[in-house]
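Undergrad:
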Amino acid sequence: MKRYFPFLLILIALVLTFIYPSVELNTTEKSQFNGADIAWMLMSTALVLIMTPGLAFFYGGMVNKKNVISTMLQSIVCMVIITVIWGIFGFSLAFGESIGGVIGNPSTFFMMKGMLGTATWPMAPTIPLLLFAMYQLKFAIITPALITGAFAERIRFNSYIIFLILFSIFIFSPLAHSTWHPDGILAKMGVLDFAGGTVVHMSAGWAALASAIYLKRRNEATHSPARITYVIIGTGLLWFGWFGFNAGSALGANALAVSALATSTTASAAAGITWIFFDMLRKRKPSAMGTCIGAVVGLVAITPAAGFVSVPHSLAIGIISAVVSNLVVEWRTRTSIDDTLDVFPCHGVGGMVGMVLTGVFAHQNVNPGIANGNGLFFGETKLFMIQMVALVGTSIFAFFGSLLLLKVTDLISPLRVSMEEEIVGLDVSQHGEKL
226 MKRYFPFLLI
236 LIALVLTFIY
246 PSVELNTTEK
256 SQFNGADIAW
266 MLMSTALVLI
276 MTPGLAFFYG
286 GMVNKKNVIS
296 TMLQSIVCMV
306 IITVIWGIFG
316 FSLAFGESIG
326 GVIGNPSTFF
336 MMKGMLGTAT
346 WPMAPTIPLL
356 LFAMYQLKFA
366 IITPALITGA
376 FAERIRFNSY
386 IIFLILFSIF
396 IFSPLAHSTW
406 HPDGILAKMG
416 VLDFAGGTVV
426 HMSAGWAALA
436 SAIYLKRRNE
446 ATHSPARITY
456 VIIGTGLLWF
466 GWFGFNAGSA
476 LGANALAVSA
486 LATSTTASAA
496 AGITWIFFDM
506 LRKRKPSAMG
516 TCIGAVVGLV
526 AITPAAGFVS
536 VPHSLAIGII
546 SAVVSNLVVE
556 WRTRTSIDDT
566 LDVFPCHGVG
576 GMVGMVLTGV
586 FAHQNVNPGI
596 ANGNGLFFGE
606 TKLFMIQMVA
616 LVGTSIFAFF
626 GSLLLLKVTD
636 LISPLRVSME
646 EEIVGLDVSQ
656 HGEKL
């Protein structure tokens with residue numbers, strides 16, 4: 226029966242396409258579509274998508290040679306699975322009519338209904354609703370892909386698919402709705418998360434920590450990276466795509482997009498060089514791996530703050546995040562937690578540092594849309610306290626929610642590969658392929 230069930234789900238999706246063709250027009254009296262905004266958001270959507278193959282290279286280069294294909298496929302498969310879910314009901318869960326401020330009504334945009342014509346999202350009135358949906362899809366794709374670095378080299382592929390589906394539905398969608406829907410509980414509180422500090426990086430980071438604890442250590446916990454050149458390529462693709470991730474979150478070709486682009490690249494550069502210098506301070510050789518990890522940590526940390534802080538403060542965010550994540554990576558190596566590729570220290574902690582520093586450095590002159598005053602650095606405390614409440618609440622929800630989903634997945638299909646499969650490598654044992 227297990228062999229037939231996944232294909233049965235695809236057949237159900239096929240039947241739904243005939244029942245719900247979604248060809249009705251949704252028109253408004255006056256369209257506000259702007260060609261420049263549409264062009265920029267089309268480009269941003271493509272930029273964010275390329276981040277997932279970039280992540281595949283980034284993670285794939287770090288693992289043992291016998292697990293490269295499996296690790297990279299764990300990222301790529303998110304592109305196909307999450308896209309199908311998003312088109313059926315995922316977008317509606319995240320952005321549909323609010324239910325209690327925590328989740329969207331799955332029927333609002335079921336099978337992408339109401340997307341044709343001049344329909345728009347209230348926060349993005351100059352681009353088509355369908356474009357907004359496709360842009361947000363790319364965030365939904367990369368978030369579960371980020372988690373894979375924590376349980377690399379020891380998870381069954383079929384079980385991973387079940388977990389990523391559950392995570393997308395029960396963790397990502399509620400956080401996206403709460404934070405980015407106008408009626409979401411975090412949005413109404415005034416929480417600032419420009420491009421995914423809570424929704425993407427903190428949720429993935431805490432899920433990664435939960436996964437590392439639940440799955441326990443690998444049988445071969447030490448390894449040599451298969452291809453550091455893959456890591457360098459992955460870093461370049463991630464940095465390139467991140468301009469769509471952060472600058473695209475302005476939802477238009479405007480001055481705010483320019484500001485977010487500038488703060489993103491300066492934070493990443495500052496974090497990359499800080500990681501090198503901090504390693505040298507601790508009597509380590511400057512490494513390609515460290516440079517790449519540092520640059521990505523800077524991108525992670527600036528994500529929630531990109532459209533709210535100035536360029537000088539983006540440099541501060543990059544420097545601080547690199548030092549903090551470097552120290553947490555060092556701490557993690559002295560514990561029994563086998564977070565294979567340090568997802569929690571880099572993405573989880575990086576996201577949390579970014580959330581905190583957004584509450585410190587945000588200023589209304591950068592973004593007049595900030596509702597609760599300026600950051601702590603400017604002598605105001607309200608925004609900072611709101612950010613702290615969101616940080617704690619998101620952390621608890623993402624960590625314990627992920628632990629529960631891991632247990633549910635394990636009951637449905639065992640998560641860990643056998644010792645023999647792990648020793649052989651996941652490329653051969655799970656996919657029958659090898660480098």
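Here the sequence shown is numbered in the working numbering, starting from 226 and rising by one per residue. Glycine included, C-beta positions come from ideal geometry on N, C-alpha and C. This one's a predicted model, so the numbers in the text were calculated from it and none came from an experiment.
(1) On a Cα-Cα basis, can you pick out the residue from Thr447, Trp464 and Gly315 that is closest to Gly497?
(2) Can you tell which of Phe622, Asn383 and Asp262 has its C-alpha closest to the C-alpha of Leu651?
(3) Start and end of the alpha helix (DSSP H) containing Gly321?
(4) Comparing alpha-carbon positions, which option in Val548, Phe470, Ala412 and Val649 lies nearest Met268?
(5) Taking C-beta to C-beta, are Glu647 and Asn444 nearer than 7 Å?
(6) In the DSSP assignment, what residue or residues form a beta bridge with Ala349?
(7) How would you call Ile235, buried or exposed, if buried means at least 16 neighbouring beta carbons within 10 angstroms?
(8) What is the C-beta distance between Ala513 and Ile457, in whole angstroms, given that I count them as a contact (C-beta under 8 Å)?
(9) For a quick check, are the C-beta atoms of Ala261 and Ala472 less than 7 Å apart?
(10) If contacts are defined as beta-carbon pairs under 8 Å, then Ala375 and Ser436 qualify, I think. What distance do you get, rounded to the angstrom?
(11) Just to confirm, are Ile366 and Ile307 a CB contact at a threshold of 7 Å?
(12) Considering only the beta carbon of each residue, do Ala494 and Lys290 sit closer than 7 Å?
(13) Just to confirm my understanding: we take Gly409, look at its own chain, exclude 5 residues before and 5 after, and list those with CB closer than 6 Å. What are they?
(14) Going by beta-carbon coordinates alone, are Met304 and Thr277 separated by less than 7 Å?
(15) Pairs of beta-carbons, one from the segment 525–532 and one from the segment 419–428, closer than 8 Å: are there three or more?
(16) Look up Ile328 in the DSSP assignment and give the residues it is bridged to.
(17) Out of Gly461, Cys571 and Val642, state which residue places its alpha-carbon closest to the alpha-carbon of Gly279.
(18) Just to confirm the assignment, what range does the alpha helix (DSSP H) spanning Cys303 have?
(19) What whole-angstrom Cβ distance do Met297 and Ala281 have, given they're in contact under 8 Å?
(20) Need the endpoints of the alpha helix (DSSP H) that Arg557 sits in, please.
TA: Short version:
(1) The residue you call residue 497 lines up with position 272 of the sequence shown. Of Thr447, Trp464 and Gly315, the residue nearest in Cα terms is Trp464.
(2) Here residue 651 is taken as the residue at index 426 of the sequence shown, counted from 1. Among Phe622, Asn383 and Asp262, the Cα nearest to that of Leu651 is on Asn383.
(3) On the sequence shown, position 96 is the one that residue 321 refers to. Per DSSP, Gly321 belongs to no alpha helix (DSSP H) and is neither H nor E.
(4) Along the sequence shown, one-based indexing puts residue 268 at 43. For the residues Val548, Phe470, Ala412 and Val649, the minimum Cα distance to Met268 belongs to Phe470.
(5) Indexing the sequence shown from 1 puts residue 647 at position 422. Indexing the sequence shown from 1 puts residue 444 at position 219. Cβ atoms of Glu647 and Asn444: closer than 7 Å.
(6) For the purposes of this step, residue 349 is identified with residue 124 of the sequence shown, where counting begins at 1. In DSSP, Ala349 forms a bridge with Trp346.
(7) Start at 1 with the first residue of the sequence shown, and residue 235 comes out as number 10. Label assigned to Ile235: exposed.
(8) In the sequence shown, counting from the first residue as 1, residue 513 sits at position 288. In the sequence shown, counting from the first residue as 1, residue 457 sits at position 232. Yes, Ala513 and Ile457 are in contact; Cβ-Cβ is about 6 Å, under 8 Å.
(9) Position 36 of the sequence shown, counted from the start, is the residue given in the question as residue 261. Position 247 of the sequence shown, counted from the start, is the residue given in the question as residue 472. Cβ distance not < 7 Å, so Ala261 and Ala472 don't count as in contact.
(10) Translated into positions along the sequence shown, residue 375 becomes position 150. Translated into positions along the sequence shown, residue 436 becomes position 211. Correct: roughly 5 Å between the Cβ atoms.
(11) If you number the sequence shown from 1, residue 366 lands on position 141. If you number the sequence shown from 1, residue 307 lands on position 82. Cβ atoms of Ile366 and Ile307: closer than 7 Å.
(12) As a working mapping, residue 494 is identified with position 269 in the sequence shown. As a working mapping, residue 290 is identified with position 65 in the sequence shown. Their beta carbons are not under 7 Å apart, which means Ala494 does not touch Lys290 by this criterion.
(13) What you label residue 409 is simply residue 184 of the sequence shown in a count that begins at 1. Excluding sequence neighbours, Gly409 sits near Gly326, His402 and Ser403.
(14) On the sequence shown, residue 304 is found 79 positions in, with the first residue counted as 1. On the sequence shown, residue 277 is found 52 positions in, with the first residue counted as 1. The answer is yes: Cβ separation under 7 Å.
(15) yes
(16) The count along the sequence shown starts at 1 and reaches residue 328 at position 103. Note: Ile328 sits in a beta bridge opposite Ile324.
(17) Translated into positions along the sequence shown, residue 279 becomes position 54. With distances taken between Cα atoms, Gly279 lies closest to Gly461.
(18) Taking the first residue of the sequence shown as 1, we reach residue 303 at position 78. Residues Val293 to Ile310.
(19) By 1-based counting over the sequence shown, the position of residue 297 is 72. By 1-based counting over the sequence shown, the position of residue 281 is 56. Contact flag correct, Cβ pair sits at about 4 Å.
(20) Within the sequence shown, residue 557 is the residue found at index 332, counting from 1. Segment Val536 to Thr558, the alpha helix (DSSP H) holding Arg557.
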